[in-house]
Amino acid sequence: MIRVVLPTHLRRLAQADSSEVQLEVHDPATIRGVLDALEARYPMLCGTIRDHATGQRRPFLRFFACEQDLSLDSLDVPLPDAVVTGAEPLLIVGAIAGG
Amino acid sequence: MSKVRVLVGTRKGAFVLESDGKRHAWNVNGPFFTGWEIYHMKGSPADPNRIYASQSSGWFGQVIQRSSDGGKTWETPGGGPTQDPRGWMHGESNKFVYDVSGETGKPLTTHQFYDGTQHPWEFKRVWHLEPSLGDPDAVYAGVEDAAIFRSADGARSWQELPGLRGHGTGPKWQPGAGGMCLHTILIDPQNPKRIYIAISAAGAFRTDDGGKTWSPINQGLRSQYIPDPNAEVGHCVHHIAFHPSRPGVLFMQKHWDVMRSDDAGDSWREVSGNLPTDFGFAIDVHAHEPETIYVVPIKSDSEHFPLDGKLRVYRSRTGGNEWEPLAKGLPQSHCYVNVLRDAMAVDRLEPCGIYFGTTGGQVYGSADAGDSWEPIVRDLPPVLSVEVQSLP
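Taken in order, these protein sequences are the chains called H and B.
By numbering that gives the first Met the number 0, the letter at position 3 of the first sequence is numbered 2, and the numbering carries on one by one without gaps.
By numbering that gives the first Met the number 0, the letter at position 204 of the second sequence is numbered 203, and the numbering carries on one by one without gaps.
The structure is reproduced here in structure tokens:
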């Protein structure tokens with residue numbers, strides 16, 4: 000199971016019980032696979048993390064894991080082993096900006 | 000006794016204000032969708048319990064919310080959890096994808112950008128939701144970059160009416176300071192195939208065939224700071240209003256000037272008359288007097304607050320030209336708020352109630368057609384929109 004930490008606004012929108020959700024993702028686990036599984040469980044999150052039309056990550060969202068910024072990697076790069084095994088979460092983070 | 004429900008969209012959430020027909024004691028419900036911008040909320044004329052809300056964020060994009068119980072609870076249409084991962088639902092209530100198909104008219108794909116170059120259409124947010132007059136599940140959305148979408152399934156999915164962008168003037172449309180937004184949608188109650196829309200900065204448009212084809216209706220508008228002041232398109236229309244009993248008579252608050260059309264927008268004439276400024280955003284029409292209209296004059300251009308720090312609504316009982324200030328109960332010193340284009344509305348009670356919200360977070364109401372005002376709430380986040388439902 001892959002652990003995913005959602006920002007507060009998306010956790011509320013998804014009506015998830017906690018900020019961390021656990022997802023089963025097909026091998027090889029990638030960010031794209033995580034987002035597919037996340038949107039399947041929580042369809043209301045479609046379009047909030049990646050744009051409906053382009054499929055691209057929304058500019059003010061970042062993907063962090065294992066103290067690395069994965070945001071600029073291809074969505075199809077395999078996730079770190081520690082994320083795949085559930086030892087570490089994949090963090091979806093809203094950029095600090097705005098008022 | 001009749002009741003009133005005021006739907007308030009703000010920079011940081013939504014609020015629902017409710018009162019009985021006296022309109023003096025109010026219940027304030029909310030905030031809903033905390034931390035999100037609520038550009039607009041509006042109830043269905045066919046089912047007052049059905050309310051649509053546009054929720055957006057610079058981080059997370061667009062979300063559409065829907066209530067079926069008068070704003071007590073909300074859902075993202077089609078967005079509930081799925082039981083079986085193999086039967087994936089794809090939430091599409093927030094999917095606004097421009098139509099680029101050849102079959103439906105080959106809509107134009109660029110508009111004029113701030114630097115004069117052509118720029119592709121990019122969806123940013125929904126500015127205005129206009130429910131159908133007869134079907135609670137049918138609703139129109141005016142979006143930025145400017146286009147109109149329609150849902151026939153209670154906002155689960157949206158389809159663009161591409162004839163608007165496809166009629167030929169699209170490359171001349173350009174964004175105003177707030178973006179290139181389609182912010183006004185008026186459905187003719189006597190002929191639902193006739194719809195008026197307005198775009199900043201392109202102008203007003205009308206369809207007479209339910210949205211298949213559109214025509215610019217800007218003859219008579221004069222905008223002195225565009226290259227051709229009398230151009231067919233390019234005008235910064237801020238808002239349009241009509242009285243339901245007389246939908247061919249339109250009143251417009253333009254970036255500069257208040258305008259009037261008596262022929263469904265085919266021609267316009269200025270009715271600013273003795274207004275103290277030439278600028279404003281909001282305009283609305285009295286519920287029972289089609290020649291009584293309301294505006295909130297704002298000082299242009301970059302100041303965007305009331306003249307002399309005095310918040311005054313202006314009322315014309317003559318369909319324009321002759322205006323009277325309405326100030327009783329409104330702050331008459333040190334007031335530097337703005338009233339945005341979708342932030343004024345009227346109820347259908349007797350006497351007519353008028354409501355408006357400010358960027359300072361106040362929502363003011365008048366239960367006597369504007370003669371006197373009371374703050375319903377004072378300290379909300381900046382108010383983006385105000386709509387009213389009159390309930391039995």
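Positions of the beta carbon are idealized from the N, C-alpha and C atoms, including for glycine.
Fair warning: this is a prediction, and the values are worked out from it, not measured in the lab.
S266(B) and I239(B) have their C-alpha atoms some 14 Å from each other. When Cβ-Cβ separations below 8 Å define contact, T47(H) makes contact with chain B. If you ignore the 5 residues before and after R10(B), its C-beta comes within less than 7 Å of the C-beta of E36, P380, P381 and L383, all in its own chain and listed in chain order.
By the neighbour-count criterion, in which 16 or more other beta carbons inside 10 Å mark a residue as buried, G54(H) falls on the exposed side. Contact between Q158(B) and R149(B) holds: CB atoms are separated by about 6 Å, below the 8 Å threshold. Boundaries for R10(H): no beta strand (DSSP E) harbours it, while the alpha helix (DSSP H) harbouring it runs T7 to A13, taken from the DSSP string. In terms of Cβ geometry, V5(B) and V295(B) do not form a close pair [threshold 8 Å]. The CB of W35(B) comes closer than 8 Å to the CB of H8 in chain H, given here in chain order.
At a cut-off of 8 Å between beta carbons, W73(B) makes no contact with chain H. At least one CB atom of chain H sits nearer than 8 Å to the CB of K94(B). One finds nothing in chain H with a Cβ atom closer than 9 Å to the Cβ of F14(B); even the nearest lies about 17 Å away. Annotated three-state conformation of M40(B) is strand, per DSSP.
The beta-carbon of Q218(B) is placed no less than 8 Å from the nearest beta-carbon of chain H. Within the DSSP bridge table, the entry for N217(B) names no partner. At least 8 Å separates the CB of L69(H) from every CB of chain B. In this structure, the CA atom of G356(B) is about 28 Å from the CA atom of G264(B). The beta carbon of R56(H) sits no closer than 8 Å to any beta carbon of chain B.
Under the Cβ criterion of 8 Å, A28(H) is not counted among the residues facing chain B.
Nearest to P170(B) by C-alpha distance, out of D187(B), A154(B), H182(B) and A145(B), is A145(B). DSSP lists V15(B) as the bridge partner or partners of N28(B).
The beta carbons of V257(B) and I225(B) sit about 18 Å from each other, so the pair does not count as a contact at 8 Å. Taking 8 Å as the threshold, the shortest C-beta distance from H25(H) to chain B does not fall below it.
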